[in-house]
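Letter by letter, the sequence shown follows residues 124 to 569 in the numbering used here.
Beta carbons are placed, not taken as given, at the ideal position from N, Cα and C, and that holds for glycine.
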Amino acid sequence: MNPLVRFLFVIITVLVLAVFSGCREQAKIDCLNEEAASLQQQIDSLKACIKNAENIAKNTRIVMDTVRAGEGPFQVFSRLKLLVSHGDEDLGKVVLAMEDSVEFKLRVGETFYLMVDSNDRVQKFRYANSPITIHLVEKKESDFIYRRIDKPVYKRLSIYEGVLELGSTLNGILHKVGIPTRMVGVVSGVLQCKVPFPLAQPGDRFRVLLEDSYNMDSVWVAGKVIYAEFDSRTLGHHEAFRYEDPDPRSSYNAHYTEAGDALIFDGLRYPLEHLRITSSFGGRVHPITGKRSAHNGIDYGAKTGTVVHAVAEGTVTVSGYDNLSGNKIAIKHRDNSVSWYMHLHSRGVGVGAKVSPGQSIGRVGNTGRSTGPHLHFGFKNAAGAWINPASKTMIATPKLAGERFNRLKGQVKDIRKEIELTLAAPATKVNDTTDVMVRSRDIPSR
Ligand SMILES: [Zn+2]
Numbered sequence: 124m125n126p127l128v129r130f131l132f133v134i135i136t137v138l139v140l141a142v143f144s145g146c147r148e149q150a151k152i153d154c155l156n157e158e159a160a161s162l163q164q165q166i167d168s169l170k171a172c173i174k175n176a177e178n179i180a181k182n183t184r185i186v187m188d189t190v191r192a193g194e195g196p197f198q199v200f201s202r203l204k205l206l207v208s209h210g211d212e213d214l215g216k217v218v219l220a221m222e223d224s225v226e227f228k229l230r231v232g233e234t235f236y237l238m239v240d241s242n243d244r245v246q247k248f249r250y251a252n253s254p255i256t257i258h259l260v261e262k263k264e265s266d267f268i269y270r271r272i273d274k275p276v277y278k279r280l281s282i283y284e285g286v287l288e289l290g291s292t293l294n295g296i297l298h299k300v301g302i303p304t305r306m307v308g309v310v311s312g313v314l315q316c317k318v319p320f321p322l323a324q325p326g327d328r329f330r331v332l333l334e335d336s337y338n339m340d341s342v343w344v345a346g347k348v349i350y351a352e353f354d355s356r357t358l359g360h361h362e363a364f365r366y367e368d369p370d371p372r373s374s375y376n377a378h379y380t381e382a383g384d385a386l387i388f389d390g391l392r393y394p395l396e397h398l399r400i401t402s403s404f405g406g407r408v409h410p411i412t413g414k415r416s417a418h419n420g421i422d423y424g425a426k427t428g429t430v431v432h433a434v435a436e437g438t439v440t441v442s443g444y445d446n447l448s449g450n451k452i453a454i455k456h457r458d459n460s461v462s463w464y465m466h467l468h469s470r471g472v473g474v475g476a477k478v479s480p481g482q483s484i485g486r487v488g489n490t491g492r493s494t495g496p497h498l499h500f501g502f503k504n505a506a507g508a509w510i511n512p513a514s515k516t517m518i519a520t521p522k523l524a525g526e527r528f529n530r531l532k533g534q535v536k537d538i539r540k541e542i543e544l545t546l547a548a549p550a551t552k553v554n555d556t557t558d559v560m561v562r563s564r565d566i567p568s569r
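#1: Could you compute how far the alpha carbon of Asp575 sits from the alpha carbon of Glu381?
#2: Taking DSSP's pairing of strands, which residues face Met187 in a bridge?
#3: At a cut-off of 7 Å, is His456 close to ligand 1 when judged by its beta-carbon and the heavy atoms of the ligand?
#4: Is it the case that the CB of Gly485 approaches a heavy atom of ligand 1 more closely than 7 Å?
#5: At a threshold of 7 Å, does His468 count as lining ligand 2 (C-beta to nearest heavy atom)?
#6: Could you check if Ile349 is buried or exposed, using at least 16 other CB atoms within 10 Å of its CB as the buried criterion?
#7: Would Val207 and Val186 be called neighbours here (beta carbons separated by less than 8 Å)?
#8: List the endpoints of the continuous alpha helix (DSSP H) containing Asn182.
#9: To which residues does DSSP link Lys274 through a beta bridge?
#10: Quick check on this structure: which residue in Gly308, Val434, Gly301 and Thr189 has the alpha carbon closest to the alpha carbon of Asn252?
#11: State the start and end residues of the unbroken alpha helix (DSSP H) segment that holds Asp211.
#12: Note down, in chain order, each residue of its chain lying with its Cβ closer than 6 Å to the Cβ of Ser462, except the 5 sequence neighbours on either side.
#13: Give the residues whose C-beta lies closer than 6 Å to at least one heavy atom of ligand 1, in chain order.
#14: Check Val430 in the structure and name its three-state DSSP category.
#15: For Arg564, name the three-state secondary structure that DSSP assigns.
#16: DSSP puts Tyr379 in a beta bridge; with which residues?
#17: Locate the alpha helix (DSSP H) running through Ile542, then write down its first and last residues.
#18: What is the residue span of the alpha helix (DSSP H) that Phe197 lies within?
#19: Output the distance between the C-alpha atoms of Arg564 and Lys347, rounded to the nearest integer angstrom.
#20: Using only the alpha-carbon positions, how far apart do Pro496 and Ser402 sit?
#21: Within 10 Å of its beta-carbon, does Thr545 have 16 or more other beta-carbons around it, so buried, or fewer, so exposed?
#22: Got a sec, what are the start and stop residues for the alpha helix (DSSP H) Lys299 sits in?
#23: When the Cα atoms are used, what is the spatial distance from Leu332 to Tyr393?
#24: At the level of alpha carbons, what is the spacing between Pro549 and Ser241?
#25: Going by the CB atoms, is the gap between Gln482 and His418 shorter than 8 Å?
#26: Between Tyr375 and Ala171, what straight-line distance do the alpha-carbon atoms span, to the nearest angstrom?
#27: For Lys274, which option in Glu352, Lys299 and Ile255 has the closest C-alpha, if you only look at C-alpha atoms?
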């Protein structure tokens with residue numbers, strides 16, 4: 124039986140009994156009347172509550188829109204505005220309420236929700252950019268109030284170690300040691316900040332400490348590279364530490380060396396995917412002339428047709444052919460240095476083209492004076508002299524100082540401790556489909 128109905132039944136029974144049992148005492152009747160009145164009040168308030176809830180459901184509607192490829196918040200908000208008659212006014216206030224708190228980094232498929240009342244006025248705005256963070260803006264009287272809801276998470280630290288192999292790509296090796304696909308690009312980016320990978324050698328070693336966050340349903344939420352180490356016979360020993368500023372939105376949140384040098388990506392991208400240097404920069408005996416000569420670049424062995432990438436952003440200044448270099452491309456960078464790509468099978472960009480780092484610009488070939496398909500990769504400094512591409516960096520790196528540097532020193536100590544503890548943790552399978560093992564431990568949320 125409905126509790127409300129049961130309630131009424133009891134009261135009526137009590138009243139009926141009171142009357143028909145011939146209750147003689149007026150006080151008793153008054154008391155019962157009072158009780159009945161108070162119960163009636165509670166019933167009315169419950170009814171009002173139900174009515175209110177029904178009204179909300181009946182008089183509101185949910186409007187939503189989803190982020191499409193290449194869109195920013197502006198595009199999504201513009202479409203939402205068209206769906207609500209007071210959109211311009213209300214959504215303007217919603218955006219104002221969120222402005223200082225929310226940084227929109229949209230992914231395709233993310234959804235913005237609006238709750239709108241019967242007058243087509245926005246009552247609530249909801250946007251969740253991760254399974255654990257919900258941004259809510261609610262109308263309170265005439266104001267819109269922002270609130271962030273964080274769901275609980277737990278974190279897992281894992282250590283991955285590996286060795287570069289002949290003919291493998293860095294990404295391929297990172298996959299092989301069990302680093303989740305979603306994190307391979309991030310790890311590779313951190314490593315490439317400090318190490319000129321075009322010169323990395325088979326046998327060079329790396330170690331990475333990853334932090335993954337999961338929500339309470341064990342759904343992966345986010346990943347971070349806490350530490351990366353690269354140890355090479357020719358390129359030396361490099362370490363990168365993740366610095367966390369007290370302000371989570373600070374641009375100082377990034378990777379640094381122990382000395383506080385920022386590891387903003389300033390090196391060169393790969394001109395080719397594979398690590399196979401057949402001749403490095405400096406003196407050598409020329410394979411065709413037999414004469415001892417200076418080698419003005421690095422040769423990479425690769426099959427004809429392998430894609431060649433621009434190593435940094437710039438403008439194409441040469442795209443042509445000569446008998447020595449064959450098909451060649453030169454790209455001028457913002458510091459007036461120029462990268463050169465020679466013996467190409469084909470050229471994919473013309474003079475004047477703007478290229479981005481990693482963009483495909485042509486294909487490996489055997490044109491000009493060449494003994495087999497390979498890429499000759501060279502670099503000229505702003506003065507026009509050939510330099511070793513491995514020594515090239517694009518911008519000066521900023522440094523952490525003062526209080527921030529002191530904080531980094533403390534965090535470096537903590538990270539070294541975490542590495543020690545994680546290395547001592549038992550190894551488990553990376554996932555069910557592989558025998559690759561990884562050492563991990565779950566830690567309480569920091
Ligand atoms: Zn060469």
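Reading it off the structure:
#1: Nothing can be reported for residue 575: it is not among the residues displayed for the chain, which extend from 124 to 569.
#2: Position 64 of the sequence shown holds residue 187. Beta bridge pairing from DSSP links Met187 with Tyr236.
#3: By 1-based counting over the sequence shown, the position of residue 456 is 333. No.
#4: As a position in the sequence shown, residue 485 is number 362, starting the count at 1. Gly485 has its Cβ no nearer than 7 Å to any heavy atom of ligand 1.
#5: Questions concerning ligand 2 fall outside what the structure shown contains, since the ligands it does hold are ligand 1.
#6: Along the sequence shown, one-based indexing puts residue 349 at 226. Flag for Ile349 reads buried.
#7: By one-based count along the sequence shown, residue 207 stands at place 84. By one-based count along the sequence shown, residue 186 stands at place 63. Result yes, Cβ atoms of Val207 and Val186 sit closer than 8 Å.
#8: On the sequence shown, position 59 is the one that residue 182 refers to. Gln149 to Asn182 is the extent of the alpha helix (DSSP H) around Asn182.
#9: On the sequence shown, position 151 is the one that residue 274 refers to. Beta bridge pairing from DSSP links Lys274 with no other residue.
#10: Counted from its first residue, the sequence shown places residue 252 at position 129. Selected option, being the one with the closest Cα: Thr189.
#11: Locating residue 211 in the sequence shown gives position 88, counting from the first residue. From DSSP, the alpha helix (DSSP H) with Asp211 extends over Gly210 to Met221.
#12: On the sequence shown, position 339 is the one that residue 462 refers to. Result list for Ser462: Val434, Ile454 and Phe502, in chain order.
#13: Answer in sequence order: Ser402, His418, Gly420, Asp422 and His499.
#14: Locating residue 430 in the sequence shown gives position 307, counting from the first residue. Val430 falls in the strand class under three-state DSSP.
#15: Locating residue 564 in the sequence shown gives position 441, counting from the first residue. Arg564: strand per DSSP, three-state reduction.
#16: Here the question's residue 379 lines up with position 256 in the sequence shown. According to DSSP, Tyr379 bridges with Phe364 and Ala385.
#17: Residue 542 sits at position 419 when you count from the first residue of the sequence shown. In the DSSP annotation of this structure, the continuous segment of the alpha helix (DSSP H) that includes Ile542 starts and ends at Gly525 to Leu546.
#18: Within the sequence shown, numbered from 1, the residue matching residue 197 stands at position 74. Phe197 -> alpha helix (DSSP H) spans Pro196 to Leu206.
#19: Position 441 of the sequence shown, counting from 1, holds the residue named residue 564. Position 224 of the sequence shown, counting from 1, holds the residue named residue 347. Each residue's Cα considered, the two are about 15 Å apart.
#20: Mapped onto the sequence shown, residue 496 falls at position 373. Mapped onto the sequence shown, residue 402 falls at position 279. The alpha-carbon separation between Pro496 and Ser402 amounts to approximately 13 Å.
#21: Mapped onto the sequence shown, residue 545 falls at position 422. Taking all protein chains shown into account, Thr545 has 16 or more neighbouring C-beta atoms within 10 Å of its C-beta and is therefore buried.
#22: On the sequence shown, position 176 is the one that residue 299 refers to. Leu293 to Lys299 is the span of the alpha helix (DSSP H), which, as asked, contains Lys299.
#23: Taking the first residue of the sequence shown as position 1, residue 332 is located at position 209. Taking the first residue of the sequence shown as position 1, residue 393 is located at position 270. Using only the alpha carbons, I get a separation of about 24 Å.
#24: Position 426 of the sequence shown, counted from the first residue, corresponds to residue 549. Position 118 of the sequence shown, counted from the first residue, corresponds to residue 241. Using only the alpha carbons, I get a separation of about 59 Å.
#25: Here residue 418 refers to the residue found at position 295 when the sequence shown is read from its first residue. Here residue 482 refers to the residue found at position 359 when the sequence shown is read from its first residue. Against a cut-off of 8 Å, the Cβ pair of Gln482 and His418 comes out as no contact.
#26: Locating residue 375 in the sequence shown gives position 252, where the first residue counts as 1. Locating residue 171 in the sequence shown gives position 48, where the first residue counts as 1. Tyr375 and Ala171: Cα-Cα distance of roughly 53 Å.
#27: Numbered from its first residue, the sequence shown carries residue 274 at position 151. Looking at the Cα atoms, Ile255 is the closest of the given residues.
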